[in-house]
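Peer 1:
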Amino acid sequence: MVDFGIREGEDFMIRVTGMDKKRFMLNADHIEKIEEMPETIITLTNGKKYIVLESIEDVRNSVLEYKHKIFTYDI
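Counting in the working numbering, the sequence shown runs from 1392 upward without gaps.
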């Protein structure tokens, strides 16, 4: 599963791992498309693409978990 965490200033991001094994965060609200070819390629709404080690299912689940956490956040 892709790690996601709600941290100050990072509450709109999911964590992924690049092909160089470095972890970074992407804005989940800017993901337009996720493909597997066989690598997982995430395309953002600005056209920028990222190749990540996580599976397409893991990225999808991470985004869904993030959205669930955001929309059910208890104030």
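Beta carbons are placed, not taken as given, at the ideal position from N, Cα and C, and that holds for glycine.
Can you tell me whether Glu-1456 is helix, strand or coil according to DSSP?
Peer 2: Note: Glu-1456 maps to helix in three-state DSSP.
Peer 1: Following the continuous beta strand (DSSP E) through Lys-1424, name the residue where it begins and the one where it ends.
Peer 2: Per DSSP, Lys-1424 belongs to the beta strand (DSSP E) from 1422-1427.
Peer 1: Where does Phe-1383 sit, in a helix, a strand or coil, going by DSSP?
Peer 2: Here the chain covers residues 1392 to 1466 and nothing more, so residue 1383 does not appear.
Peer 1: Write down the C-beta distance between Val-1454 and Thr-1408 rounded to the nearest angstrom, noting that I regard them as a contact closer than 8 Å.
Peer 2: Going by Cβ atoms, the distance from Val-1454 to Thr-1408 rounds to 15 Å, so no, they are not a contact pair.
Peer 1: Using CA coordinates, which residue listed in Arg-1406, Thr-1434 and Glu-1445 is at the minimum distance from His-1421?
Peer 2: Comparing Cα positions, the closest option is Thr-1434.
Peer 1: Given a threshold of 16 other Cβ atoms within 10 Å of its Cβ, counted over all protein chains shown, does Ile-1397 qualify as buried or as exposed?
Peer 2: Low per-residue confidence applies at Ile-1397: pLDDT is 49, beneath 50, and the placement is therefore not dependable, though the value from the model is reported in the following sentence. Looking at its Cβ environment, which holds fewer than 16 other Cβ atoms inside 10 Å, Ile-1397 is exposed.
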